[in-house]
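Protein chains in written order, with this note's numbering: chain A, 2 to 191; chain B, 2 to 191.
Shown next, in structure tokens, is the structure this report addresses.
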């Protein structure tokens with residue numbers, strides 16, 4: 002893909018968010034997004050299969066990064082794999098993406114259908130991670146618990162990371178959340 | 002509600018499942034469910050607002066039982082509240098409900114719209130529990146982790162409980178899953 006095409010994708014994503022925030026996700030057409038980015042509808046559809054993809058493109062790569070992290074982990078117990086998955090996924094959220102991620106979330110939070118889509122994606126991620134851990138020989142219940150806990154840590158960290166007052170980078174927020182989960186379930190508090 | 006009415010509700014639920022299993026959830030009408038139970042459509046709608054409620058009625062009480070369990074817990078740390086919520090909810094799944102729960106799950110697993118509905122219900126449960134724990138003075142991140150972990154333990158236990166070969170009662174399965182989560186996140190494995 003030539004460089005200007007990749008620029009077009011980001012221009013479309015940048016142009017779409019303020020429109021969604023002003024008029025609601027359902028109140029904005031693909032033609033309007035393309036016009037706001039100074040591009041044509043045809044260019045839009047070279048980058049996104051539909052309007053929703055403006056918000057969700059990249060989630061397949063995010064799932065892939067969790068799975069790759071687990072696949073390439075050096076340890077072989079469930080939490081080593083989970084931690085490696087979380088570490089790899091953290092690379093998806095550099096600080097310069099934070100304003101966009103924050104704006105994107107306000108659009109999703111305002112639209113039940115988008116919330117459902119996000120929930121389904123996270124559920125699919127947990128299921129894929131469960132299968133990946135089970136394929137590494139981890140028993141099914143432990144695999145499910147580790148995978149669901151991984152998604153819980155990720156979601157909780159993401160919510161904290163996009164909070165207005167949060168200055169720490171994603172990896173640091175996520176490490177603190179994971180530490181919090183360990184502390185919550187430490188035997189002394191059991 | 003007179004006793005025969007409560008009997009009608011259960012007859013309708015019992016009659017619906019084999020129909021759903023044979024012809025798929027979408028292939029069965031309310032009239033057919035009522036006829037299979039030897040009742041009228043009018044009686045059906047005295048017990049359920051729509052066809053989906055045959056499968057999901059009772060979930061509001063289940064959510065309530067989690068919240069009541071947490072509200073009446075004697076401890077005040079997050080995991081004491083979570084454990085109390087899980088203990089209370091276990092009462093919802095006596096052994097004589099297991100065949101129905103198992104059949105219900107096969108219907109849900111075969112239908113994406115029903116799966117979404119179930120996912121939304123569990124997500125709403127986690128959100129309600131998070132709010133309840135935060136209202137008890139638990140910090141928001143810990144509240145979210147404890148609530149999500151509670152739902153993870155419940156879901157994992159439910160899946161194990163309805164497995165064909167599982168003989169243990171729900172409370173016992175769930176306690177073992179919770180122990181498994183503690184072991185997974187014990188400091189020695191961190």
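Cβ atoms here follow ideal geometry from the backbone N, Cα and C, with glycine treated the same way.
Coarse secondary structure for residue i, derived from DSSP in three states
i	result
residue 25 of chain A	coil
residue 140 of chain B	coil
residue 58 of chain A	coil
residue 2 of chain A	Per-residue confidence for residue 2 of chain A stands at a pLDDT of 43, beneath the threshold of 50, marking its modelled position as unreliable; the derived number appears in the next sentence. In this structure, residue 2 of chain A counts as coil in the three-state DSSP scheme.
residue 187 of chain B	coil
residue 52 of chain A	coil
residue 39 of chain B	coil
residue 10 of chain A	helix
residue 148 of chain B	helix
residue 171 of chain A	helix
residue 77 of chain B	coil
residue 164 of chain B	coil
residue 100 of chain A	helix
residue 181 of chain B	helix
residue 92 of chain A	coil
residue 157 of chain B	helix
residue 107 of chain B	helix
Within chain A, partners of residue i - CB distance below 8 angstroms
i	result
residue 178 of chain B	142, 146
residue 157 of chain B	142, 145, 146, 149
residue 161 of chain B	142
residue 134 of chain B	Under the 8 angstroms cutoff, chain A gives no residues; its nearest Cβ is about 11 angstroms from residue 134 of chain B.
residue 114 of chain B	The premise fails here: residue 114 of chain B is roughly 11 angstroms from chain A at the closest Cβ pair, so nothing lies under 8 angstroms.
Chain-ordered neighbours of residue i on chain B, where CB pairs are closer than 7 angstroms
i	result
residue 124 of chain A	120
residue 181 of chain A	142, 143, 146
residue 167 of chain A	Those do not exist, as residue 167 of chain A stays about 11 angstroms from chain B at its closest Cβ, beyond 7 angstroms.
residue 153 of chain A	146, 149, 150, 153
Of the listed residues the options, nearest to residue i (C-alpha basis)
i	options	result
residue 51 of chain B	B:39, B:67, B:26	B:26
residue 138 of chain B	B:78, B:150, B:30, B:40	B:78
residue 157 of chain A	A:87, A:175, A:32, A:149	A:175
residue 100 of chain A	A:153, A:80, A:159	A:159
residue 169 of chain B	B:111, B:97, B:145	B:97
residue 148 of chain B	B:115, B:114, B:87	B:87
residue 65 of chain A	A:89, A:146, A:145, A:81	A:89
residue 165 of chain A	A:173, A:104, A:84	A:104
residue 20 of chain A	A:9, A:8, A:126, A:38	A:38
residue 163 of chain B	B:68, B:30, B:62, B:110	B:110
residue 171 of chain B	B:92, B:42, B:80	B:92
Buried versus exposed, by CB contacts within 10 Å (16 or more), residue i
i	result
residue 74 of chain A	buried
residue 53 of chain A	exposed
residue 70 of chain B	buried
residue 12 of chain B	buried
residue 181 of chain A	buried
residue 1 of chain A	Lying before the first or after the last residue shown, residue 1 of chain A is absent from chain A, which here runs from 2 to 191.
residue 14 of chain A	buried
residue 46 of chain B	exposed
residue 10 of chain A	buried
residue 190 of chain B	Confidence at residue 190 of chain B is low in this model, with a pLDDT of 47, below 50, so its placement is unreliable and the value that follows should be read with caution. Exposed.
residue 143 of chain B	buried
residue 114 of chain A	exposed
residue 3 of chain A	Note on residue 3 of chain A: pLDDT 46, under 50, position unreliable in the model; the coordinate value appears next. By the 10 Å Cβ count, residue 3 of chain A comes out exposed.
residue 1 of chain A	Outside the displayed span of chain A (2 to 191) sits residue 1 of chain A, for which this structure offers no information.
residue 43 of chain A	exposed
residue 35 of chain B	buried
Residue i: contacting residues in chain B (beta-carbon distance under 9 angstroms)
i	result
residue 41 of chain A	Simply none; closest approach about 34 angstroms.
residue 82 of chain A	Within 9 angstroms Cβ-Cβ: nothing; residue 82 of chain A doesn't reach chain B, min ~11 angstroms.
9 angstroms Cβ cut-off: residues of chain A touching residue i
i	result
residue 30 of chain B	Correct list: empty, because the minimum Cβ distance to chain A is about 26 angstroms.
residue 18 of chain B	By Cβ distance, chain A contributes nothing, its closest Cβ being about 24 angstroms from residue 18 of chain B, past 9 angstroms.
Interface residues of chain A facing residue i [CB-CB closer than 7 angstroms]
i	result
residue 117 of chain B	117, 121
residue 87 of chain B	Simply none; closest approach about 13 angstroms.
Chain-ordered neighbours of residue i on chain B, where CB pairs are closer than 8 angstroms
i	result
residue 129 of chain A	Ordered by position in chain B, no residue passes the 8 angstroms Cβ test against residue 129 of chain A, which lies about 15 angstroms from the chain.
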